[in-house]
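Numbering (our numbering), first residue to last: 1 to 188.
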């Protein structure tokens, strides 16, 4: 695991990702021993990496611009699952980089409604010479149900419905750290 600056570090924004760690599209800062916030510099989207003893969990995947898998691989070598809070543009469109992806199937309609805007974002990124992630195959996403439990070893993470942002939006709550993450919301 990469040694990241802590939240109170004087290094604003944590570490930037050099070309060997996914290009300049991401930066990260460690919030707690188990939680790292990852910034997608495209529109300042925030994502999270939660690490237990046995597994790691990514919460959200950004716009699908930049080599997110390479960046996350530089942060952890643990087996990884990805949980998408909802199908909005800045949360779900980097899932093509990952194999074990979960999202509430009740929000697949939101995902499909974002394709026109996504194309505009991706066209602009291509014009800037940026790398796009692999396409999304929503049929391969596993469904998340309210109350579903995910074991990461020392951490247990539970999916909790939070339909304020999207109809089927989910928070992911870890009781051990009293940490809740949904898109850009966080409680420590």
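Just so you know, even glycine gets a beta-carbon here, dropped at the ideal spot from N, CA and C.
On a predicted model such as this, the values are computed, not experimentally measured, just so you know.
Note: residue 49 is bridge-paired with 36 and 58 in the DSSP secondary-structure output. Contact between residue 49 and residue 38 holds, with the beta-carbon distance rounding to 6 Å and staying under 8 Å. Residue 33 counts as exposed, since fewer than 16 other beta carbons sit within 10 angstroms of its beta carbon. In the DSSP assignment, residue 121 falls within the unbroken alpha helix (DSSP H) covering 115-127. In this structure, residue 90 and residue 62 form a Cβ contact; the two beta carbons are roughly 6 Å apart against a cut-off of 8 Å.
Judged by DSSP secondary structure, residue 93 falls outside any alpha helix (DSSP H); it is assigned neither H nor E.
With a contact defined as Cβ atoms closer than 8 Å, residue 81 and residue 55 qualify at about 7 Å.
Collapsing the DSSP output to three states places residue 108 in a helix.
When only Cα atoms are considered, residue 88 and residue 161 end up about 16 Å apart.
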